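Keeping their order, the protein sequence lines are chains B and E. For the first sequence, the residue numbers in this note's numbering are 1 to 290. For the second sequence, the residue numbers in this note's numbering are 1001 to 1290. Note that beta-carbon positions come from the ideal geometry of N, C-alpha and C, so glycine has one too. Here the structure is a predicted model, which is why all the values come from computation and not from measurement.
Number of protein chains: 2
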Amino acid sequence: MLESEIKKAIHSSVSHPELREILEYAVLPAGKLFRPRLVEALALDLGKKFSQDHLHLACALELHHAYTLVHDDLPAMDNDLIRRGKPSTHAKYGEWKAVLAGDALLISSFEVLMKIQSEKIRELHRLFSWCTGGKGLILGQFLDLGSHGKVNTTEVIRIHELKTARLIQAAVAGAALLSQNKFSPDYFRLGREIGVTFQLLDDLNELTEEKLSPHEKDINPFLLNHPMAMKAFNRSYVNLKILMEKENLSHLNSMLNHYFEDNRRSLSAKSEVLTLHLQSDVLKDLKGFM
Amino acid sequence: MLESEIKKAIHSSVSHPELREILEYAVLPAGKLFRPRLVEALALDLGKKFSQDHLHLACALELHHAYTLVHDDLPAMDNDLIRRGKPSTHAKYGEWKAVLAGDALLISSFEVLMKIQSEKIRELHRLFSWCTGGKGLILGQFLDLGSHGKVNTTEVIRIHELKTARLIQAAVAGAALLSQNKFSPDYFRLGREIGVTFQLLDDLNELTEEKLSPHEKDINPFLLNHPMAMKAFNRSYVNLKILMEKENLSHLNSMLNHYFEDNRRSLSAKSEVLTLHLQSDVLKDLKGFM
């Protein structure tokens, strides 16, 4: 349902065949759809149904997420040639087309957001632009690229909060806002904990590769300061469990558990490589999680 | 007033000192403020006052315009090193910072737009995103960069319509929408004619330089097909005069006349160079305008 909604949104914002093709290439086939699935789970937990408004929010988040990836991958940014197992957008279509396709996706994310009929649209729009703009996701990208490898664990976690967690907060707090009477800081906090947990698990997964790039060695928080990164991970993970329990979010809990289960499996399977990189028995350090 | 509003908007969307500095550098000191001035003139013509809502619209348009310039100037796009008499944003701060500053300006334009309190905000948001997105301004940039100099006059004018006129249509039709009961196609049309006239005057002004770049020779509509470009210019100019008369827009008329007067002066002063490039007595061809 979500993929067809995304396709519909792209068709409605772009009619030129090649430009449309590039946007579709950048968004589909979809990745994990992590942010839309968060919206769906929360909609089911809080309102018993995944409404049309929730669908618009989910779609806006995925389009926005895709734009950030397209721009992040640019030669002047991370210069990534592969994304989701295929050439990144600029690698496939060239740089200027990737810049423009990213811009078009960004605008279309706001276009889709505005299809939400709820009278809370202004609050939602404010949340969305705050999370994604120069105080949120973009600041995260700015600090990330500006760090030139000279960054400590606290700073990496701050970057995770901005670059990864903010959009997840827009998903979680936005979905809650659509289902409830007013904005709840608990959901905003929950989004932060999910985002940081998610990103630190990603960092751990990077360390299951035998060969690490010099860049990875410079910025992986578990390599920079193992105890501090472990502590941050365990704290976020425990906090999100507590918050889910408190709000009785069973759909969210089950959605995240699937995701965590995948991570447990892959980390267990590679625990030797992890232990080698980190010079510590990682599964023991992660005992709250594993 | 507008410049301080822009500064306020940037301060409210960005707090990191360097990122904020880059956004300010890209927007201020302001250029001609052509789009905001259109909003102001129409607000005075149609509603007797430049309301807070009109001010937000004007500010959103200028922030958006600035983002398009920052991204247009990128090495992968037009690779322009100078903008408004100073180094372009990427020339001054580097490419990745320019990409991110452009993205941040884009988001902040939607943030400011949404400050508009009018109940017509949804219609206005739709107009704004349609004009700026993949069916509007971005499509214009896409066709422009994709043309590789192999472009005819009809195509150049289509690009002008998309890349230049759409944002001007958002200014004109948006300002009218805020002042009137409903969306009027006349104002949408008027914005198109102002945009095309504005851009073709720009093309003519390029030809007052003695030396032309090879790129300029490839895409200047007056060099490609002099009679057709003159006809398009004269038609747009006459149409905008008729539309202004019909709607009795005296502030707009006086604002545009100042601008046209400047152009008449500079074209007259360089009529010999123009005549040389175009192998035709340009002032005679422009008699309706001059």
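Within the same chain, and ignoring the five residues on either side of His-1090 of chain E in sequence, the residues whose Cβ sits closer than 7 Å to its Cβ are Asp-1073, Leu-1074, Pro-1075, Ala-1098. A residue is called buried when at least 16 other Cβ atoms come within 10 angstroms of its Cβ; Ser-1254 of chain E does not meet this threshold and is exposed.
For Ser-1051 of chain E, there is no enclosing alpha helix (DSSP H), as DSSP gives it neither H nor E. Only residues of its own chain outside the window of five on either side were considered, and among them Val-1282, Leu-1283 have a CB closer than 7 Å to the CB of Ser-1271 of chain E, listed in chain order. When C-alpha distances from Leu-1081 of chain E are compared across E:Leu-1057, E:Cys-1059, E:Thr-1132, E:Ala-1026, the shortest belongs to E:Ala-1026. With the rule of 3 Cβ pairs closer than 8 Å, the stretch 1215–1224 of chain E counts as touching the stretch 1150–1168 of chain E.
Between Leu-57 of chain B and Ile-116 of chain B, the CB-CB gap stays under 9 Å. The stretch 157–167 of chain B and the stretch 16–24 of chain B do not touch, with fewer than 3 CB-CB distances between them shorter than 8 Å. Neighbours of Ser-1108 of chain E in chain B, taken as residues whose beta carbon is under 8 Å from its own, are Ser-129, Gly-133, Gly-134 in chain order.
The beta carbon of His-1215 of chain E sits no closer than 9 Å to any beta carbon of chain B. For His-1258 of chain E, the closest Cβ of chain B is not nearer than 9 Å. For Pro-29 of chain B, the secondary structure class from DSSP, reduced to helix, strand or coil, is coil. Here the C-alpha atom of Lys-86 of chain B lies approximately 23 Å from the C-alpha atom of Leu-204 of chain B. At a C-beta separation below 7 Å, Arg-1122 of chain E has these neighbours in chain B: Met-114. Contact note: His-125 of chain B reaches chain E through Met-1114, using a C-beta cutoff of 7 Å and chain order. Per DSSP, the unbroken alpha helix (DSSP H) holding Pro-1036 of chain E starts and ends at 1034–1047.
Only buried fits Leu-1038 of chain E, as 16 or more other CB atoms lie within 10 angstroms of its CB. For Gln-1180 of chain E, no alpha helix (DSSP H) encloses it, and the DSSP letter there is neither H nor E. For Ala-229 of chain B, the CB contacts under 6 Å within the same chain, skipping 5 residues up- and downstream, are Thr-153, Pro-221, Phe-222 in chain order.
For Arg-1265 of chain E, the three-state secondary structure derived from DSSP is helix.
Taking C-beta atoms as the reference points, Arg-189 of chain B and Asn-239 of chain B count as a pair closer than 9 Å. Counting along the chain, the unbroken alpha helix (DSSP H) around Ile-1219 of chain E starts and ends at 1214–1219. For the pair Lys-1008 of chain E and Thr-132 of chain B, the Cα-to-Cα distance works out to about 19 Å. Taking Leu-127 of chain B as reference, the option from B:Ala-170, B:Ala-104, B:His-226, B:Asp-144 with the minimal CA-CA separation is B:Ala-170.
In the DSSP assignment, Val-273 of chain B falls within the alpha helix (DSSP H) that extends over 271–278. Here DSSP, grouped into helix, strand and coil, assigns Ile-1159 of chain E to helix. Less than 9 Å separates the beta-carbon of Gly-134 of chain B from that of Ile-1107 of chain E. Taking a contact as a CB-CB distance under 8 Å, the pair Gly-47 of chain B and Ser-179 of chain B counts as one, their CB atoms being some 4 Å apart. Pairing Ser-1013 of chain E with Asn-1225 of chain E, the inter-Cα distance amounts to about 45 Å. In this structure, DSSP gives Lys-92 of chain B a helical state, which the three-state scheme calls helix. Listed along chain B, the residues sitting closer than 7 Å to Ala-1076 of chain E by beta-carbon distance are Glu-95, Trp-96, Val-99.
Cβ-Cβ distances below 7 Å link Ala-1176 of chain E to Leu-1042, Leu-1046, Ser-1184, Tyr-1187 in the same chain, with the five nearest sequence neighbours on each side left out; the list follows chain order. A straight line joining the alpha-carbon of Lys-1211 of chain E with that of Asp-1202 of chain E spans about 16 Å.
When 8 Å is used as the limit between beta carbons, Ile-138 of chain B is near these residues of chain E: Leu-1019, Leu-1100, Asp-1103, Ala-1104, Ile-1107, in chain order. Of all residues in the stretch 1135–1165 of chain E, those with a C-beta nearer than 7 Å to a C-beta of chain B are Lys-1135, Ile-1138, Leu-1139, Gln-1141, Phe-1142, Leu-1145, reading in chain order. The Cβ of Val-1282 of chain E sits no closer than 9 Å to any Cβ of chain B.
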